[in-house]
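See below for the structure under consideration.
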Amino acid sequence: GNSVTQMEGPVTLSEEAFLTINCTYTATGYPSLFWYVQYPGEGLQLLLKATKADDKGSNKGFEATYRKETTSFHLEKGSVQVSDSAVYFCALSDNAGGTSYGKLTFGQGTILTVHP
Amino acid sequence: EAQVTQNPRYLITVTGKKLTVTCSQNMNHEYMSWYRQDPGLGLRQIYYSMNVEVTDKGDVPEGYKVSRKEKRNFPLILESPSPNQTSLYFCASRRLAGGRSGNTIYFGEGSWLTVV
């Protein structure tokens, strides 16, 4: 079945530091890949997505590139801010059919804390 | 405005007292789903529905029921809640037409449920 593995957290950074959160996946079909963000006390927001190999998703200074050869979708940001403190989830969705169709498979989440 | 609406947002209940968490979407989406979020486990799918009167188990269905009598509504029912069902619950919907795994998934704001 499908699975998503994220780097262990929590991650603590100083403001303006470079951020990488690793994400690797296994999937039976040709998945689309997503990063979701959950700010404290809030629901899930789509941060960015990529639907095919070599696509780059970007939003709010965050980027992630769909790497089929390494089955990865690492999240990066060049200069984090205190307001980026949140939980980040990597997820995939495939259209291979069967019970996985339409379903999002999530990683375990990575807590990011950014200090001033 | 595209919306997935869950109610209640916060609930404290006692073991064994039946409860229902409602979910409604206004986008005429075929696919609806429930997830629970637990620390270190990410989000896991409880049940999903491909369309009216079509429902199936996700990864963690034990202790839950669902129904899909109308396209817009997908309530989650806990017949006899237990403390291990204390969690944050999300309802989600997406369009299935076109077979696009990249179709945007819309999430509700989440329902915090505590069973004592």
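Just so you know, the protein sequences line up as chains A and B, in that order.
Just so we're on the same page, my numbering is the position in the first sequence counted from 1, plus 5.
Just so we're on the same page, my numbering is the position in the second sequence counted from 1, plus 1435.
Yeah, the Cβ is synthetic: ideal placement off N, Cα and C, and Gly gets one too.
Quiz item: Any beta-carbon of chain B closer than 9 Å to the one on K108 (chain A)?
Solution: Here residue 108 (chain A) corresponds to residue number 103 of the first sequence, with the count starting at 1. Taking Cβ atoms only, chain B reaches closer than 9 Å to K108 (chain A), which makes this a yes.
Exercise. Consider the Cβ of M1485 (chain B): report whether some Cβ of chain A lies at a distance smaller than 9 Å.
Key: As a position in the second sequence, residue 1485 (chain B) is number 50, starting the count at 1. Yes, M1485 (chain B) counts as interfacial toward chain A.
Exercise. Counting only the same chain and skipping the five closest in sequence on each side, list residues whose C-beta sits under 8 Å from that of Y1541 (chain B).
Key: The sequence position of residue 1541 (chain B) within the second sequence is 106, counting from 1. The residues A1437, Q1438, V1439, Q1460, M1462, H1464, A1527, S1528, R1529, in chain order, have a CB closer than 8 Å to that of Y1541 (chain B) in the same chain once the five nearest residues on each side in sequence are set aside.
Quiz item: Using a beta-carbon distance below 9 Å, is F1425 (chain B) in contact with chain A?
Solution: One cannot answer for residue 1425 (chain B) here, as it falls past the ends of chain B, which runs 1436 to 1551.
Quiz prompt | Euclidean distance between Cα positions of K108 (chain A) and G6 (chain A) | solution = Residue numbering aside, residue 108 (chain A) sits at position 103 when the first sequence is read from its first letter. Residue numbering aside, residue 6 (chain A) sits at position 1 when the first sequence is read from its first letter. Taking the straight line joining both Cα atoms gives about 12 Å.
Quiz item: If we count the other Cβ atoms within 10 Å of its Cβ and call it buried at 16 or more, is F1509 (chain B) buried or exposed?
Solution: Indexing the second sequence from 1 puts residue 1509 (chain B) at position 74. F1509 (chain B) should be labelled buried.
Quiz item: Apart from the five residues on each side of it in sequence, which residues of its chain come closer than 7 Å, Cβ to Cβ, to P121 (chain A)?
Solution: On the first sequence, position 116 is the one that residue 121 (chain A) refers to. E20, V87, listed in sequence order.
Quiz prompt | L117 (chain A) versus A:D99, A:T110, A:E81, A:G62, residue with shortest Cα-Cα distance | solution = Position 112 of the first sequence, counted from the first residue, corresponds to residue 117 (chain A). For the set A:D99, A:T110, A:E81, A:G62, the Cα lying nearest the Cα of L117 (chain A) is the one of A:E81.
Practice problem: Could you tell me whether the Cβ atoms of L145 (chain A) and G14 (chain A) are closer together than 9 Å? | Solution: The first residue shown for chain A is 6 and the last is 121, placing residue 145 (chain A) beyond what the model contains.
Quiz item: Within the 9 Å Cβ cut-off, does F1525 (chain B) reach chain A?
Solution: Taking the first residue of the second sequence as 1, we reach residue 1525 (chain B) at position 90. Chain A, which has a Cβ nearer than 9 Å to the Cβ of F1525 (chain B), makes this yes.
Quiz item: Do T76 (chain A) and Y35 (chain A) have their C-beta atoms within less than 9 Å of each other?
Solution: The residue labelled residue 76 (chain A) in the question sits at position 71 within the first sequence. The residue labelled residue 35 (chain A) in the question sits at position 30 within the first sequence. Result no, Cβ atoms of T76 (chain A) and Y35 (chain A) do not sit closer than 9 Å.
Practice problem: Quick one: grab the DSSP three-state call for D99 (chain A). | Solution: Numbered from its first residue, the first sequence carries residue 99 (chain A) at position 94. In the structure shown, D99 (chain A) sits in coil (DSSP, three-state: anything other than H, G, I, E or B).
Quiz prompt | Closer than 7 Å at the beta carbon, the chain B residues around F122 (chain A) | solution = As shown, chain A starts at 6 and ends at 121. That puts residue 122 (chain A) outside it, with no answer to give.
Exercise. Using three-state DSSP, classify V1551 (chain B) as helix, strand or coil.
Key: On the second sequence, position 116 is the one that residue 1551 (chain B) refers to. Assigned with DSSP and collapsed to three states, V1551 (chain B) falls in coil, not helix or strand.
Quiz item: When DSSP labels each residue in this structure, what does Q1520 (chain B) get in the three-state scheme?
Solution: Locating residue 1520 (chain B) in the second sequence gives position 85, where the first residue counts as 1. It is helical.
Quiz item: In the DSSP assignment, what residue or residues form a beta bridge with V9 (chain A)?
Solution: Residue 9 (chain A) sits at position 4 when you count from the first residue of the first sequence. Answer is A:Y30, bridged to V9 (chain A).
Quiz item: D1491 (chain B) bridges to which residues according to DSSP?
Solution: Translated into the one-based positions of the second sequence, residue 1491 (chain B) becomes position 56. DSSP, once it has assigned bridges, lists B:Y1483 as partnering D1491 (chain B).
Practice problem: Return the residues of the segment 1485 to 1505 of chain B that lie within a Cβ-Cβ distance of less than 8 Å from chain A, sorted by chain order. | Solution: M1485, D1491, G1493
Quiz item: Is there at least one Cβ from chain A nearer than 9 Å to S1522 (chain B)'s Cβ?
Solution: Mapped onto the second sequence, residue 1522 (chain B) falls at position 87. No, its Cβ sits nowhere closer than 9 Å to a Cβ of chain A.
Quiz item: Is D60 (chain A) helix, strand or coil when you go by DSSP?
Solution: Along the first sequence, one-based indexing puts residue 60 (chain A) at 55. In this structure, D60 (chain A) counts as coil in the three-state DSSP scheme.
Self-check item: Of the residues A:T110, A:V119, A:S84, the one placed nearest F67 (chain A), counting alpha carbons only
Solution: Start at 1 with the first residue of the first sequence, and residue 67 (chain A) comes out as number 62. Cα-wise, what sits closest to F67 (chain A) is A:S84.
Practice problem: For the beta strand (DSSP E) containing S84 (chain A), list its first residue and its last residue. | Solution: Position 79 of the first sequence, counted from the first residue, corresponds to residue 84 (chain A). S84 (chain A) -> no beta strand (DSSP E), and no H or E assigned at all.
Quiz item: When the Cα atoms are used, what is the spatial distance from T25 (chain A) to Y1524 (chain B)?
Solution: As a working mapping, residue 25 (chain A) is identified with position 20 in the first sequence. As a working mapping, residue 1524 (chain B) is identified with position 89 in the second sequence. If I take the Cα positions, the gap works out to 28 Å.
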